[in-house]
Amino acid sequence: MGLFTSSLIKKYWMAATGLFLISFLVVHAGINAMIFFNDGGETFNEWGHFMGTNLIVRTMEIGLFLGLILHIVDGLMLYFQNRKARPIKYAYNKPSASSTWYSRSMALLGTLILIFLVIHLKDFWLKTRITGLSVEPSHVKIDGVMHENLFAEMLLVFQNPVAVVIYLLGCFSLFWHLYHGFRSAFQSLGLNHRKYASTIELAGSVFSVVISVLFASMPVAMYLGWVK
Amino acid sequence: MSNGNMNLTLKVWRQSNSTAAGKMETYQLGGVSPDMSFLEMIDMLNEQIIRKGEDAIAFDHDCREGICGMCSMFINGEAHGPNRGVTTCQLHMRSFKDGDTIYIEPWRAEGFPVVKDLMVDRAAFDRIIQSGGFVSVNTSGRTMDANAIPIPKDDADKAFDAATCIGCGACVATCPNSSAMLFVSAKVSQFALLPQGHPERKERVLNMVKQMDAEGFGNCSNIGACEVQCPKSISIENIARMNREYLSASVKPEN
Numbered sequence: 008m009g010l011f012t013s014s015l016i017k018k019y020w021m022a023a024t025g026l027f028l029i030s031f032l033v034v035h036a037g038i039n040a041m042i043f044f045n046d047g048g049e050t051f052n053e054w055g056h057f058m059g060t061n062l063i064v065r066t067m068e069i070g071l072f073l074g075l076i077l078h079i080v081d082g083l084m085l086y087f088q089n090r091k092a093r094p095i096k097y098a099y100n101k102p103s104a105s106s107t108w109y110s111r112s113m114a115l116l117g118t119l120i121l122i123f124l125v126i127h128l129k130d131f132w133l134k135t136r137i138t139g140l141s142v143e144p145s146h147v148k149i150d151g152v153m154h155e156n157l158f159a160e161m162l163l164v165f166q167n168p169v170a171v172v173i174y175l176l177g178c179f180s181l182f183w184h185l186y187h188g189f190r191s192a193f194q195s196l197g198l199n200h201r202k203y204a205s206t207i208e209l210a211g212s213v214f215s216v217v218i219s220v221l222f223a224s225m226p227v228a229m230y231l232g233w234v235k
Numbered sequence: 004m005s006n007g008n009m010n011l012t013l014k015v016w017r018q019s020n021s022t023a024a025g026k027m028e029t030y031q032l033g034g035v036s037p038d039m040s041f042l043e044m045i046d047m048l049n050e051q052i053i054r055k056g057e058d059a060i061a062f063d064h065d066c067r068e069g070i071c072g073m074c075s076m077f078i079n080g081e082a083h084g085p086n087r088g089v090t091t092c093q094l095h096m097r098s099f100k101d102g103d104t105i106y107i108e109p110w111r112a113e114g115f116p117v118v119k120d121l122m123v124d125r126a127a128f129d130r131i132i133q134s135g136g137f138v139s140v141n142t143s144g145r146t147m148d149a150n151a152i153p154i155p156k157d158d159a160d161k162a163f164d165a166a167t168c169i170g171c172g173a174c175v176a177t178c179p180n181s182s183a184m185l186f187v188s189a190k191v192s193q194f195a196l197l198p199q200g201h202p203e204r205k206e207r208v209l210n211m212v213k214q215m216d217a218e219g220f221g222n223c224s225n226i227g228a229c230e231v232q233c234p235k236s237i238s239i240e241n242i243a244r245m246n247r248e249y250l251s252a253s254v255k256p257e258n
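Right under this line is the structure:
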């Protein structure tokens with residue numbers, strides 16, 4: 008595990024896995040946004056079927072889980088090392104004078120996202136891959152091919168206001184985590200220069216807002232019956 | 004020095020030696036002039052303490068001109084107090100109000116053990132410098148005139164900005180992770196930007212980061228508090244440069 012002994016190499020891993028997970032978010036949000044075609048979930052289910060059956064995508068899913076685990080394990084190592092680096096706390100500290108709350112709360116936000124992920128994977132991933140969908144009928148025929156009706160499953164899950172609130176909290180945590188994480192990844196990889204730092208910051212802000220709002224709009228739109 | 008009229012409540016960390024348990028003690032101090040520097044105010048408090056026959060508060064200070072990097076107090080939750088771009092010795096009591104309560108604590112970090120009261124041992128920084136924060140110069144009598152080497156103005160300016168680091172440790176003190184990366188990156192940058200630093204460029208960054216980790220400092224999480232509290236306003240662009248230097252040196256260790 009020589010790859011994890013240096014503080015800077017741990018940072019590179021954090022940045023690289025973070026950017027990799029960001030690339031996954033783009034695909035995930037993009038495909039989920041197909042529900043807004045409002046065609047009874049036909050386009051969305053076709054894409055869901057492709058993602059669930061394509062061999063390349065299935066292989067990449069393993070990489071995704073590995074990347075996620077690496078991001079979590081690395082983050083935990085950094086967190087505990089950082090706590091150890093200050094054994095005695097200040098009697099009076101004013102961190103808000105020099106930094107933002109979300110930049111100091113990445114471990115907390117990450118933990119909230121992880122709790123959300125467990126719920127989210129139980130709601131959808133577990134059902135599509137292992138236990139089968141709970142919605143009846145669980146399959147729908149599109150162009151003569153049977154597809155899992157993931158769209159109907161989403162509609163079912165998001166009839167529950169508690170689920171909607173949990174998903175909104177997940178999106179909220181994700182927003183702040185991305186808001187610091189996006190620009191932070193570039194800094195960790197050594198990409199900070201006055202020439203383009205503001206562009207990275209702007210891209211990070213826009214990305215965090217677009218991804219979080221897009222994800223949050225899905226349970227809301229389904230709960231309110233805008234998408235059916 | 005004119006007598007002033009400020010009355011202050013001071014909460015100061017008292018610890019008799021490196022192994023003893025310490026605690027915050029409360030002192031009342033009157034007649035403080037707004038024109039005093041923060042350290043002069045502590046001197047005044049110490050006179051009061053000594054007159055009572057008690058042990059004076061130990062604190063680091065040397066030049067009192069803001070350039071030596073010895074003073075090191077964590078004042079009201081901020082390294083070197085509430086003002087920006089200054090050390091504690093350049094902080095004046097006019098930055099406080101009559102009747103204020105002021106908390107004064109030593110730097111808190113595993114890498115900076117408390118020696119006594121407000122004094123911490125910053126030898127960890129010396130050991131980091133010894134591990135590579137230097138340029139080996141031939142002093143056999145044929146030393147080249149520095150001005151004979153062409154250096155782009157922009158590089159010279161950036162190197163100078165990094166070289167203004169006085170090694171006070173405020174970056175470590177203010178970082179929630181007690182990370183020393185602003186300090187180390189300033190030293191790495193100062194040499195990496197100049198041709199004189201290039202022969203030892205790769206082993207320098209590898210060795211300095213290794214020593215930084217061995218001293219028990221935390222990891223950077225790009226919070227940016229260090230550059231705000233740094234009395235020399237050193238930018239975290241230097242940390243990015245150190246990250247590049249280290250990445251390049253790790254991928255290809257030889258020059």
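In the order they appear, the protein sequences are chains Z and E.
Residue numbers for the first sequence, in my numbering: 8 to 235.
Residue numbers for the second sequence, in my numbering: 4 to 258.
The C-beta atom is built at its ideal place from N, Cα and C for all residues, glycine as well.
These figures come from a predicted structure and were not determined experimentally.
Interface flag for LEU26/Z against chain E is unset, since no Cβ pair is found closer than 9 Å. At least 9 Å separates the beta-carbon of ILE237/E from that of ASP158/E.
With a threshold of 9 Å between beta carbons, ALA98/Z makes contact with chain E. The residue among ASN246/E, ARG87/E, SER188/E and MET96/E with its C-alpha nearest the C-alpha of GLY136/E is SER188/E.
When secondary structure is reduced to three states using DSSP, ILE169/E falls in the coil class, being assigned neither helix nor strand.
Relative to the Cα of ASP120/E, the nearest Cα in the group ILE131/E, GLU108/E, ASP129/E and ALA126/E belongs to GLU108/E.
Under the Cβ distance rule, GLY211/Z does not count among the residues neighbouring chain E, no pair being separated by less than 9 Å.
The Cβ of PHE128/E sits no closer than 9 Å to any Cβ of chain Z.
Of all residues in the region 205-228 of chain E, the ones placed with a Cβ closer than 8 Å to any Cβ belonging to chain Z are VAL212, LYS213, MET215, ASP216, GLY219, PHE220, GLY221, ASN222, CYS223, SER224, ASN225, ILE226, GLY227 and ALA228, in chain order. Here CYS178/E is near CYS229/E, since their CB atoms are less than 9 Å apart.
The region 54-69 of chain E makes no contact with the region 148-155 of chain E; the number of CB pairs closer than 8 Å stays below 3.
Taking a Cβ-Cβ threshold of 8 Å, the residues of chain Z close to GLY80/E are TYR97, TYR99, ASN100, LYS101, PRO102 and ALA104, in chain order.
The three-state reading of DSSP puts SER141/Z in coil, since its state is none of H, G, I, E or B. GLY55/Z does not reach chain E, its nearest Cβ partner there being about 36 Å away, counting only Cβ pairs nearer than 8 Å.
Annotated three-state conformation of GLY34/E is strand, per DSSP. Counted as a single uninterrupted DSSP element, the alpha helix (DSSP H) harbouring MET215/E occupies residues 204-217. Exposure of ASN10/E is indicated by the presence of fewer than 16 other C-beta atoms within 10 angstroms of its C-beta. Here ILE70/E has ILE169 as same chain residues with Cβ atoms under 7 Å from its own Cβ, once five neighbours each way along the sequence are excluded. At a cut-off of 9 Å between beta-carbon atoms, THR107/Z makes contact with chain E. Look at the region 70-94 of chain Z: the residues with a C-beta under 7 Å from a C-beta of chain E are LEU85, GLN88, ASN89, LYS91, ALA92, ARG93 and PRO94.
Not one beta carbon of chain E lies nearer than 9 Å to the beta carbon of GLY117/Z. For VAL231/E, the C-beta contacts it makes with chain Z under 8 Å involve ALA104, SER105 and SER106, in order along the chain. When secondary structure is reduced to three states using DSSP, MET39/E falls in the coil class, being assigned neither helix nor strand.
Between ALA112/E and VAL212/E, the gap from beta carbon to beta carbon reaches 9 Å or more.
Under the 9 Å criterion on CB atoms, GLY177/Z is classed as non-interfacial with respect to chain E.
Under the 8 Å Cβ criterion, the region 182-200 of chain E does not count as touching the region 69-85 of chain E, having fewer than three qualifying pairs. In the three-state DSSP reduction, GLU160/Z falls in the helix class (H, G or I). Taking a Cβ-Cβ cut-off of 8 Å, the neighbours of LEU250/E in chain Z comprise LEU15, TYR19, LEU196 and GLY197, given in sequence order. Distance from the CA atom of TRP110/E to the CA atom of ALA173/E, rounded to whole angstroms, is 8 Å. Contact of THR206/Z with chain E is not assigned, every C-beta pair being separated by 9 Å or more.
Taking GLU248/E as reference, the option from PRO202/E, GLU68/E, VAL208/E and ASP103/E with the minimal CA-CA separation is VAL208/E. Contact check for VAL171/Z and PHE165/Z: beta-carbon distance about 6 Å, within the 8 Å limit, so the pair qualifies. Spatial neighbours of TYR174/Z in its own chain (CB-CB distance under 6 Å, excluding positions within 5 residues in sequence) are listed in chain order as PRO226. Close to PRO155/E, with beta-carbon spacing below 8 Å, lies no residue of chain Z; the smallest spacing is near 15 Å.
Rounded to whole angstroms, the gap between the alpha carbons of MET161/Z and SER253/E is 47 Å.
For TRP54/Z and ASP150/Z, the gap between their C-alpha atoms comes out near 13 Å.
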